[in-house]
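Trainee: Going down the list, the sequences are from chains A and B. With the first sequence counted from 1, adding 2 to any position gets you my numbering. With the second sequence counted from 1, adding 367 to any position gets you my numbering.
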Amino acid sequence: MRLLSAALLVTGFAAAGVQALAADGVAARDVKMAQHDYLLNCAACHLLGGQGSRTVPPLADTGRLFALPGGREYLGRVPGAAHSPLDDKRLAAVLNWMLSRFGDTTADPPYTAGEIGRLRAQPYLDPLAARRRLLAGH
Amino acid sequence: MSRLDRWMENSSRALARRSGRRGFLARLGRVIAGGTVTGVAALPLLPVARGQASDESHGSRAAAPPEDIQGPEGDPNHCDYWRNCAIDGFLCGCCGGSSTSCPPGTEMSPVTWIGTCRNPLDKKDYLIWYNDCCGRNPCGRCFCNRNEGERPVYHPYRNNDINWCAGAESQVYNCSAAMIIGLAVEGQPEK
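What follows is the structure, encoded as structure tokens:
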């Protein structure tokens with residue numbers, strides 16, 4: 003049953019991701035690369051469907067966080083993003099894809115490599131405190 | 368007698384590889400995806416077909432990874448099995464489970480690490496999800512320690528020394544499974 007659920011997650015995940023971003027004019031090959039990068043670098047903890055776990059927050063939260071003042075910056079400075087082995091361009095693509103796939107929103111304008119480079123140069127030393135500040139509105 | 372035993376074992380393994388449920392369903396999946404039924408790319412098949420399903424949703428068509436490999440690289444209960452390229456632990460197939468499922472009485476840890484392994488038959492890289500099974504004492508059978516593309520613990524997403532049962536209800540490690548979650552666009556950069 004677990005395997006079936008995982009298979010459903012992966013297949014639904016792929017189809018929904020492509021449809022959502024294709025509508026935004028993002029090339030299918032870029033979506034495929036972003037999905038690959040997500041699976042290889044993020045899904046170990048955030049899981050295949052972005053649902054998170056007992057110790058890792060669900061990515062469905064990203065849409066809500068992104069909409070808050072400072073939310074855009076927050077997503078580029080959390081450790082999972084800032085310390086990722088992906089280069090700035092591919093990390094930007096993953097964040098854009100992730101917001102669309104899991105956060106039910108669109109980064110407008112999309113993250114760019116330059117913006118990600120600036121954000122990840124200032125990683126949070128205490129990401130939980132940063133999250134609390136973001137949610138508290140200061 | 369031991370020679371007879373070996374012959375029986377090899378014959379049984381060969382028969383299982385040719386006629387096993389996994390092989391049958393993989394072939395069935397290829398037939399379905401080959402055009403007999405349209406619009407079924409999202410059908411959940413066995414884990415070996417996930418890469419195919421995921422890839423086809425992008426408009427391209429990729430065959431399910433061939434699994435009829437002869438020798439240790441085709442035996443999931445052998446360290447040299449191609450999907451075990453970065454495993455570190457006891458193979459669940461030797462512990463009452465399989466290469467894609469946990470033994471009875473254990474729980475699959477929800478968090479894990481993910482890498483790529485190359486299938487020697489089609490020369491393609493597949494995304495492999497290494498899952499620890501947790502909740503019973505270490506199995507103690509079929510210990511493997513392959514570390515292709517593995518990195519130190521300060522790169523946790525590429526480390527197989529971590530007890531990934533930390534994400535499960537019980538932190539007692541039993542064995543490890545290696546499942547395909549998709550066709551990789553490229554091999555992991557550490558290789």
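Here a beta-carbon is modelled for each residue, glycine too, at the ideal position from N, C-alpha and C. Being a predicted model, the structure only gives us computed values, none of them experimental.
(1) Interface residues of chain A around B/Tyr524 at Cβ under 7 Å?
(2) Does any residue of chain A bring its CB to less than 7 Å from the CB of B/Ile481?
(3) DSSP three-state label for B/Phe456, please.
(4) Kindly list, in the order they appear in chain B, the residues whose Cβ is closer than 8 Å to that of A/His38.
(5) Please report the residue range of the beta strand (DSSP E) in which B/Arg485 lies.
(6) Report the partner residues of B/Ala545 according to the DSSP bridge assignment.
(7) Under 8 Å: do the region 499-512 of chain B and the region 42-57 of chain A share three or more Cβ pairs, one atom per stretch?
(8) Examine chain B for any beta-carbon lying closer than 7 Å to the beta-carbon of A/Arg134, and answer yes or no.
(9) With a 10 Å radius around its C-beta and 16 neighbouring C-beta atoms as the bar for buried, classify A/Leu77 as buried or exposed.
(10) Taking 7 Å as the limit between beta carbons, can you name the residues of its chain near B/Cys532, skipping five residues before and five after?
(11) Any beta carbon of chain A sitting closer than 7 Å to that of B/Pro471?
(12) Please go through the same chain and pick out, in chain order, the residues whose beta-carbon is closer than 8 Å to the beta-carbon of B/Pro439, but skip the five residues on each side of it.
(13) What does a CB cutoff of less than 6 Å around A/Ala115 pick up in its chain, not counting 5 residues either side in sequence?
(14) Could you say which of A/Pro59, A/Ser102, A/Leu42 and A/Ala109 lies nearest to A/Pro129 if we only look at CA atoms?
(15) Less than 7 Å between the beta carbons of A/Pro125 and A/Arg79, yes or no?
(16) Should A/His38 go down as buried or exposed, given a rule of 16 or more other Cβ atoms within 10 Å for buried?
(17) Taking the straight line between their C-alpha atoms, what separation do you get for A/Leu121 and A/Ala84?
(18) For the region 512-524 of chain B and the region 476-486 of chain B, state whether three or more C-beta atom pairs, one from each stretch, are separated by less than 8 Å.
(19) Less than 7 Å between CB atoms is the rule here; does A/Ser55 satisfy it with respect to chain B?
(20) Show which residues of chain A have a CB atom less than 9 Å away from the CB atom of B/Gly534.
(21) List the residues of chain B whose Cβ lies closer than 7 Å to the Cβ of A/Leu50, in chain order.
(22) Using only the alpha-carbon positions, how far apart do A/Ala29 and B/Gly507 sit?
(23) On the criterion of 16 or more Cβ atoms from any shown chain inside 10 Å, does A/Leu127 qualify as buried, or is it exposed?
(24) Could you please give the first and the last residue of the uninterrupted alpha helix (DSSP H) stretch that includes B/Asn512?
(25) Answer yes or no: does any C-beta atom of chain A fall closer than 7 Å to that of B/Pro477?
(26) Please classify B/Leu550 as buried or exposed, where buried requires at least 16 other C-beta atoms within 10 Å of its C-beta.
(27) In the structure shown, what three-state DSSP assignment does A/Leu49 receive?
(28) For the region 103-123 of chain A, enumerate the residues whose C-beta is nearer than 7 Å to any C-beta of chain B, in chain order.
(29) Given a cut-off of 7 Å on the beta-carbon distance, is the pair B/Ile454 and B/Cys511 in contact?
(30) If you draw a straight line from the C-alpha of B/Gln419 to the C-alpha of B/Cys484, how long is it?
Mentor: Let me spell this out:
(1) Asn43 and Ala46
(2) yes
(3) The sequence given here has Gly at residue 456 of chain B, not Phe. Strand.
(4) Leu494, Gly549, Ala551, Val552 and Glu553
(5) Trp480 to Arg485
(6) B/Tyr497
(7) no
(8) no
(9) buried
(10) Ser476, Asp499, Cys501, Gln538, Val539 and Tyr540
(11) no
(12) His445, Cys446, Asp447 and Tyr448
(13) Asp90, Lys91 and Ala94
(14) A/Pro59
(15) yes
(16) buried
(17) 8 Å
(18) yes
(19) yes
(20) Cys47, Ser55, Arg56, Thr57 and Val58
(21) Ile548
(22) 48 Å
(23) exposed
(24) That residue, B/Asn512, is in no alpha helix (DSSP H); its beta strand (DSSP E) goes Phe510 to Asn512.
(25) yes
(26) buried
(27) coil
(28) none
(29) yes
(30) Annotation note: pLDDT 35 at B/Gln419 (below 50); position unreliable, coordinate value reported separately. B/Gln419 and B/Cys484: Cα-Cα distance of roughly 16 Å.
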